[in-house]
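J.: Have a look at this one before I ask anything.
Given below as structure tokens:
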């Protein structure tokens, strides 16, 4: 293998590891139910989109595919914020209507079950939307 190519692969791996460690640190700042739900969200996103690029953006865990935003999430005292950009929320507006929302955000209260199946659907929708944009 070309030494130059090998060096770039090592640099890329180091960047990915560094970004994942930042998400680890973000999640570690929480405890109890918030931390547990953040871990579940992270695992779900990585399960649905194994090739996802993980990092921190806007002060919260962010997930990108082919360099384009996919979803974000954040922990709060009484809820988990989930950000699938406006299109992810528009597409699932009927299923999300029972939750407090903003233009591109939804709040999942800690006193209610985290809707992992719905979140998984949204993540897959965003993945497909992202891949379609990349092809065009």
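In our numbering, the protein residues as written are -16 to 119.
Where a beta carbon is used, it is the ideal one built from N, C-alpha and C, also for glycine.
Take residue 112 as the anchor and find which of 30, 54, 99 and 24 has the nearest alpha-carbon.
T.: To locate residue 112, count along the chain shown from 1; it is residue 129. Among 30, 54, 99 and 24, the Cα nearest to that of residue 112 belongs to 54.
J.: Would residue 90 pass as a contact of residue 64 if the rule is Cβ separation under 9 Å?
T.: On the chain shown, residue 90 is found 107 positions in, with the first residue counted as 1. On the chain shown, residue 64 is found 81 positions in, with the first residue counted as 1. In contact: residue 90 and residue 64 (Cβ atoms closer than 9 Å).
J.: Taking 8 Å as the limit between beta carbons, can you name the residues of its chain near residue 126, skipping five residues before and five after?
T.: Residue 126 cannot be examined here, being either before or after the span of the chain that is shown, -16 to 119.
J.: Put residue 8 into one of helix, strand or coil per three-state DSSP.
T.: The count along the chain shown starts at 1 and reaches residue 8 at position 25. Helix at residue 8.
J.: Give the DSSP bridge partners of residue 51, in chain order.
T.: The residue given as residue 51 occupies position 68 in the chain shown. Partner(s): 48.
J.: Between residue 46 and residue 58, is the Cβ-Cβ spacing less than 9 Å?
T.: Counting from one through the chain shown, the residue named residue 46 turns up at place 63. Counting from one through the chain shown, the residue named residue 58 turns up at place 75. It is not a contact, given that the beta carbons lie outside the stated cut-off.
J.: Alpha carbon to alpha carbon, how far is residue 5 from residue 105? Give it in angstroms, no decimals.
T.: Along the chain shown, one-based indexing puts residue 105 at 122. Along the chain shown, one-based indexing puts residue 5 at 22. Between residue 105 and residue 5, the C-alpha separation is close to 24 Å.
J.: Count the other CB atoms within 10 Å of the CB of residue 107; is the residue buried (16 or more) or exposed (fewer)?
T.: Residue 107 sits at position 124 when you count from the first residue of the chain shown. So residue 107 ends up on the exposed side.
J.: Tell me the rounded alpha-carbon separation between residue 82 and residue 110.
T.: Sequence index remark: in the chain shown, residue 82 carries index 99 (1-based). Sequence index remark: in the chain shown, residue 110 carries index 127 (1-based). Approximately 23 Å between the Cα atoms of the pair.
J.: Would you mind sorting residue 114 into buried or exposed? The rule is 16 or more other CB atoms within 10 Å of its CB.
T.: By one-based count along the chain shown, residue 114 stands at place 131. Flag for residue 114 reads exposed.
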